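Trainee:
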Amino acid sequence: MYEIKKIKKYDFLGESTPNKCTIGFNNSNLIKTIVFDLGGVFFTNGTYYAVDKIQKQWNIKNRRLVEFFFGNNPASEGNLVRLGLITMDEFEDSVSRKLCIPDSEKRLIRELWFSSYTPNYLMEDVVKTLSRQYRLIVFSGNIKERIEYLDDRYDFLKYFDEYLFSYDYQIHKGDKEFYYELINCVDCDPENALLIDDSQSHIDHAESLGLKGIKYTSTEQMLSEFQKYNINMFVNIYNT
40 MYEIKKIKKY DFLGESTPNK CTIGFNNSNL IKTIVFDLGG VFFTNGTYYA VDKIQKQWNI
100 KNRRLVEFFF GNNPASEGNL VRLGLITMDE FEDSVSRKLC IPDSEKRLIR ELWFSSYTPN
160 YLMEDVVKTL SRQYRLIVFS GNIKERIEYL DDRYDFLKYF DEYLFSYDYQ IHKGDKEFYY
220 ELINCVDCDP ENALLIDDSQ SHIDHAESLG LKGIKYTSTE QMLSEFQKYN INMFVNIYNT
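Quick look at the structure:
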């Protein structure tokens, strides 16, 4: 069961190490494979924050235009780079030209974008602990260069058994074909696999093929919903 015991600021079960989070299991369950989205689940929704930063950095008045270039619209550069059809260098060339960003500053586009992704509360500890008992898969519409950047920074891919990225398959997460690829990777019956995603439409695609799903809104909410699938964990935080 997801438990919190408050003593002083926060104190939970486990070894008493200051400023450390530990997570442990309570009992076994029927779920064998857990599938994680990245942006909006493991990480914050970095694109949302990056649009703000890019607007301010170059004093761009039209927010919708910036959102278009960095989003998933089929005609946008953001969609093309997620599908692996253009490189990040080509993305920067095109977007900097259209947004009137000086050539000397266009490399800052990726730094502002990629650095806006930070791990959500407790997610690193949750995934590390789950990896001891479950098969874990990344299922993400993403950018090759961004994955390299984030893994260099946070070293998170080592906890996952397999990765399905849109740029490797040239398939968007809105395309049901991508979910058939996921089923081929879960290494269990679909009903024994659980997808965690922040998009209800993605959850709907997965559930239509027999997978279980949790729509992520916060780590605390996710841990609470784990109980429905007998994924029972203790969350232990020290902040003295």
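First residue of the sequence shown: 40, per this note's numbering; consecutive thereafter. We put the CB at the ideal spot given by N, CA and C, even for glycine. Computed from a prediction, not measured in an experiment: that's the story for all the values here.
For LEU189, list the residues DSSP reports as bridge partners.
Mentor: As a working note, residue 189 is residue 150 in the sequence shown. The partner list for LEU189 (beta bridge, DSSP) is empty, contrary to what the question assumes.
Trainee: Ordered along the chain, which non-local residues of its own chain (more than five positions away) have a Cβ less than 6 Å from that of TYR255?
Mentor: Along the sequence shown, read from residue 1 onward, the residue named residue 255 stands at position 216. Excluding residues up to 5 positions away in sequence, VAL80, ILE235, ASP237, MET261 lie with their Cβ nearer than 6 Å to the Cβ of TYR255 in the same chain.
Trainee: Using 8 Å as the Cβ pair cut-off and three pairs as the minimum, do the stretch 218-229 and the stretch 127-135 touch?
Mentor: no
Trainee: Leaving out five residues before and five after ILE242 in sequence, what residues of the same chain have Cβ atoms less than 7 Å from its Cβ?
Mentor: Locating residue 242 in the sequence shown gives position 203, counting from the first residue. For ILE242, where only same-chain residues beyond five positions count, the Cβ hits under 7 Å are LEU234, ASP236, GLY252, LYS254.
Trainee: Please classify PRO158 as buried or exposed, where buried requires at least 16 other C-beta atoms within 10 Å of its C-beta.
Mentor: Sequence index remark: in the sequence shown, residue 158 carries index 119 (1-based). If you draw a 10 Å sphere on the C-beta of PRO158, you find 16 or more other C-beta atoms in it, and that means buried.
Trainee: Taking contact to mean at least 3 C-beta pairs separated by less than 8 Å, is the stretch 81-88 in contact with the stretch 212-221?
Mentor: no
Trainee: Leaving out five residues before and five after VAL120 in sequence, what residues of the same chain have Cβ atoms less than 7 Å from its Cβ?
Mentor: Working through the sequence shown from its first residue, we reach residue 120 at position 81. MET127, PHE130, ILE182.
Trainee: Pick helix, strand or coil for TYR202, following the three-state DSSP scheme.
Mentor: Against the sequence shown, residue 202 aligns to sequence position 163. Residue state, collapsed to three classes: strand.
Trainee: Taking Cβ positions, are PHE204 and ASP76 nearer each other than 9 Å?
Mentor: Within the sequence shown, numbered from 1, the residue matching residue 204 stands at position 165. Within the sequence shown, numbered from 1, the residue matching residue 76 stands at position 37. No; because the gap between Cβ atoms is not below 9 Å, this pair is not in contact.
Trainee: Going by alpha carbons, who is nearest to LEU161 out of GLN266, SER257, GLY123?
Mentor: Walking along the sequence shown from the start, residue 161 turns up at place 122. Ranking GLN266, SER257, GLY123 by Cα distance to LEU161 puts SER257 first.
Trainee: Would you kindly work out how many angstroms separate the C-alpha atoms of PRO113 and ARG146, rounded to a whole number?
Mentor: Sequence index remark: in the sequence shown, residue 113 carries index 74 (1-based). Sequence index remark: in the sequence shown, residue 146 carries index 107 (1-based). Spanning the two alpha carbons is a distance of roughly 24 Å.
Trainee: Assess, as a yes-or-no matter, whether the stretch 189-196 is touched by the stretch 92-102 under the definition of 3 or more beta carbon pairs within less than 8 Å.
Mentor: no
Trainee: Would VAL134 and PHE108 be called neighbours here (beta carbons separated by less than 9 Å)?
Mentor: Along the sequence shown, read from residue 1 onward, the residue named residue 134 stands at position 95. Along the sequence shown, read from residue 1 onward, the residue named residue 108 stands at position 69. Going by C-beta atoms, VAL134 is nearer than 9 Å to PHE108.
Trainee: Is there a Cβ from chain D that is less than 9 Å from the Cβ of SER135?
Mentor: Looking at the structure shown, chain D is missing, and only one protein chain is on hand.
Trainee: What span of residues does the beta strand (DSSP E) with ARG174 cover, start to end?
Mentor: Working through the sequence shown from its first residue, we reach residue 174 at position 135. The continuous beta strand (DSSP E) containing ARG174 extends over residues 174-179.
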